[in-house]
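Q: Got a structure here, written out as structure tokens. Questions coming.
Protein chains: 2
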Amino acid sequence: MTSDPPGAGKGRTAEPLPTQGPAAAKVLRPARTTATRQKLFDASMELIGERGAANVTVDEIATAAGVSKGTVYYNFGSKSELVAQLLRHGVDILKERLLTPGAGPAKDPLLAMEDMIGQAMDFMAQYPSFARLWVSENWRTPSEWQGTFTVLRSELLAVIAHAVENVAKAYPVDPTVSRGSLETAIFGACFVVGLDRQTYNPERTRDQSVAAIMAIMRGYVLRPHAAQE
Amino acid sequence: MTSDPPGAGKGRTAEPLPTQGPAAAKVLRPARTTATRQKLFDASMELIGERGAANVTVDEIATAAGVSKGTVYYNFGSKSELVAQLLRHGVDILKERLLTPGAGPAKDPLLAMEDMIGQAMDFMAQYPSFARLWVSENWRTPSEWQGTFTVLRSELLAVIAHAVENVAKAYPVDPTVSRGSLETAIFGACFVVGLDRQTYNPERTRDQSVAAIMAIMRGYVLRPHAAQE
DNA sequence: CTATTTGAACTGACCGGTCAGTTTAATTAG
DNA sequence: CTAATTAAACTGACCGGTCAGTTCAAATAG
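Structure representation (structure tokens):
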């Protein structure tokens, strides 16, 4: 019997799954398990990002991670749950990056914004598979991960919103532009520009991409100084 | 015997597809076939857009179109080819919309740009499934539709590039911003903002979305007049 | 005008293969 | 000892693609 699956969500068998809190003991889990989960994250990020969740089999993921299929089910309970936790994992990394201050502590909000978008570009370059997974599975109407996306999306937008807020406090901005729509546009542009660079235009530099996206902010601010210092 | 499939790509045979210009003999095709293809386009756009190509069966598409599975293969040869032609079909519609002049013939390039983005928003609202299909399947690395996407993407970008070009001729623009990256950012923002409105923020208006995307252009232009005429 | 023919369009049962998920007994690591 | 992992077999459903047969509208014949 597969003793007591840690994070398993089980299938149809309505067994009680006694004292197993959802995401309780992540840190105190044995080192071996943590390593296994990391290998599975890496492998599935790569495979699912490239081909889409539906086009990758659990067997493939297990093999790529150098692990048996049973281990996948022992650790995650289902393919669907693996993907959900994969999304959460990626967003945690991205959020941490976005919140990393560029260099100095107190900085001009526009420069901070530029740093943040640069961080986003770096993330897209480092984890292109995550970006692909995100845009591929987001926006699906009755998606298995509908709830997951809603939560994660708002977490990321909150980070952007905070940066935009700081700009709006330091500069006169166009009041006719809806803040939410603007944030969405920035959010989307980061993903798409990052992915496009990866897929169709590898010759474009990181800074070119940042500058293009920053045009949104320069257009939002009524008159920074001269746009060309 | 299944006589001669019209548009069927057949499986492996590298068929020349003789005198088939993009939209050449569409009218002289028997009315029944044209109607059937339209029904199949409608049904698959809806289903594939919502759930992704891999999560929709040919049987489902056929049933939704009120047609038998065999008819799908008679008309398209394969599921893959159906999707490819579906993409082409959608892009043709979008391109036509984008090229539709707003109202007056000779217009201010920035206003023309605003019209164009408005057209894009309307398209996303009318065919959200196409937008979902596009962002879901684009950027996949060894995609079956890699070639299709490359062609279609450049066609759409050319339309945007032309509009941006007109702005650059009429206004002083920031020379440090890469034109290509800028176009990509606009392109991506249109899709993402349109989709986000559909999925997460239905309360946002079309004009809010257009304004947010237009911020990119206002940030690209060095100094239009006062940003708030 | 009616009967017959023709072939493109369409049908739907069927087949071979695939895949998610389950189970179990044995093995390994902490 | 116990939790984690393995390997392998198994199931039950599902799916893309095929194909022999049917329908139907238009052309042709009488």
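Protein sequence lines, in the order shown, are assigned to chains A and B. Sequential numbering of the first sequence, starting at 1, is according to our numbering. Sequential numbering of the second sequence, starting at 1001, is according to our numbering. No residue lacks a Cβ here, since even glycine has one placed at the ideal position from N, Cα and C. All figures in this text were calculated on a predicted structure; none of them were measured in a lab.
Looking at the C-beta of Gln-1038(B), does it have a partner C-beta in chain A at a distance below 8 Å?
A: Position 38 of the second sequence, counted from the start, is the residue given in the question as residue 1038(B). No, no contact with chain A.
Q: State the Cα-Cα distance for the pair Phe-130(A) and Lys-1107(B), rounded to the nearest angstrom.
A: Stepping through the first sequence from its first residue, residue 130(A) is reached at position 130. Stepping through the second sequence from its first residue, residue 1107(B) is reached at position 107. Each residue's Cα considered, the two are about 42 Å apart.
Q: Looking at the C-beta of Asp-196(A), does it have a partner C-beta in chain B at a distance below 8 Å?
A: Here residue 196(A) refers to the residue found at position 196 of the first sequence. So, interface residue.
Q: When DSSP builds the beta bridges, which residues end up paired with Val-221(A)?
A: To locate residue 221(A), count along the first sequence from 1; it is residue 221. Val-221(A) is bridged to Val-173(A).
Q: Mind checking whether Leu-110(A) and Ile-48(A) have CB atoms under 8 Å apart?
A: One-based indexing of the first sequence puts residue 110(A) at position 110. One-based indexing of the first sequence puts residue 48(A) at position 48. Not closer than 8 Å, so no.
Q: For Thr-63(A) and Gly-1194(B), I'd like the C-alpha separation in whole angstroms.
A: Taking the first residue of the first sequence as position 1, residue 63(A) is located at position 63. Taking the first residue of the second sequence as position 1, residue 1194(B) is located at position 194. Cα-Cα distance, rounded: 39 Å.
Q: For Ala-1212(B), tell me which candidate among Pro-1202(B), Gln-1198(B), Ile-1186(B) has the shortest Cα-Cα distance.
A: Counted from its first residue, the second sequence places residue 1212(B) at position 212. Checked all of Pro-1202(B), Gln-1198(B), Ile-1186(B); the closest Cα to Ala-1212(B) is Ile-1186(B).
Q: At 7 Å on the CB atoms, spell out the chain B contacts of Glu-81(A), in chain order.
A: Counting from 1 along the first sequence, the entry for residue 81(A) is found at position 81. Simply none; closest approach about 18 Å.
Q: Does the ligand ZN have even one heavy atom less than 7 Å from the beta-carbon of Glu-50(A)?
A: In the structure shown, the ligand ZN is absent, as is every other ligand, since no ligand is present at all.
Q: Going along the chain, which residues of its own chain have a beta-carbon closer than 8 Å to the beta-carbon of Pro-1172(B), five neighbours each way excluded?
A: Residue mapping note: residue 1172(B) aligns to position 172 of the second sequence, counting from 1. Val-1221, Leu-1222, Arg-1223, listed in sequence order.
Q: Could you list which residues in chain B have their beta carbon closer than 7 Å to that of Met-217(A), in chain order?
A: By 1-based counting over the first sequence, the position of residue 217(A) is 217. Those within 7 Å of Met-217(A) in chain B are Gly-1219.
Q: Using a Cβ cut-off of 8 Å (strictly closer), state whether Val-72(A) contacts chain B.
A: Counting from one through the first sequence, the residue named residue 72(A) turns up at place 72. False, the Cβ-Cβ gap to chain B never drops below 8 Å.
Q: Taking C-alpha atoms, which residue in Ala-35(A), Ala-161(A), Ala-189(A) lies nearest to Ser-178(A)?
A: Locating residue 178(A) in the first sequence gives position 178, where the first residue counts as 1. Nearest of Ala-35(A), Ala-161(A), Ala-189(A) to Ser-178(A), Cα basis: Ala-161(A).
Q: Run through chain A and tell me which residues come within less than 7 Å of Gln-1208(B), C-beta to C-beta.
A: Position 208 of the second sequence holds residue 1208(B). Within chain A, the residues near Gln-1208(B) are Ser-178, Ser-181.
Q: Can you say whether Gly-219(A) is buried or exposed, counting buried as having 16 or more other CB atoms within 10 angstroms of its CB?
A: The residue you call residue 219(A) lines up with position 219 of the first sequence. Its Cβ being crowded by 16 or more others within 10 Å, Gly-219(A) is buried.
Q: Against chain B, which members of the segment 44-59 of chain A pass a CB distance test of less than 9 Å?
A: If the cut-off is 9 Å between Cβ atoms, the segment 44-59 of chain A has Gly-49, Glu-50, Arg-51, Gly-52, Ala-53, Ala-54, Asn-55 near chain B.
Q: Exposed or buried, what is Thr-100(A) when buried is set at 16 or more other beta-carbons lying within 10 Å of its beta-carbon?
A: The sequence position of residue 100(A) within the first sequence is 100, counting from 1. Thr-100(A) is exposed by the Cβ-count criterion.
Q: Of the residues Thr-1184(B), Val-1083(B), Ser-1209(B), which one's Cα is nearest the Cα of Asn-201(A)?
A: Position 201 of the first sequence, counted from the first residue, corresponds to residue 201(A). Comparing Cα-Cα distances from Asn-201(A) to each of Thr-1184(B), Val-1083(B), Ser-1209(B), the minimum goes to Thr-1184(B).
Q: What residues in its chain sit with their C-beta under 6 Å from that of Gln-198(A), if we drop five residues either side in the sequence?
A: Within the first sequence, residue 198(A) is the residue found at index 198, counting from 1. Contacts found: Pro-128.
Q: Mapping DSSP to helix, strand and coil, what is Ser-68(A)?
A: Locating residue 68(A) in the first sequence gives position 68, where the first residue counts as 1. Note: Ser-68(A) maps to coil in three-state DSSP.
Q: Under 8 Å Cβ to Cβ from Lys-169(A), same chain only, skipping five residues before and after it: list those, please.
A: By one-based count along the first sequence, residue 169(A) stands at place 169. Excluding residues within five positions, the ones whose Cβ falls inside 8 Å are Pro-109.
Q: What separation, rounded to the nearest whole angstrom, lies between the Cα atoms of Thr-1148(B) and Pro-1142(B)?
A: Taking the second sequence and counting its residues from 1, one reaches residue 1148(B) at position 148. Taking the second sequence and counting its residues from 1, one reaches residue 1142(B) at position 142. Straight-line Cα distance between these residues: approximately 12 Å.
Q: Quick one: measure Cβ to Cβ for Val-210(A) and Met-124(A), integer angstroms, because I've assumed they're closer than 8 Å.
A: Sequence index remark: in the first sequence, residue 210(A) carries index 210 (1-based). Sequence index remark: in the first sequence, residue 124(A) carries index 124 (1-based). 11 Å between Cβ atoms; not a contact.
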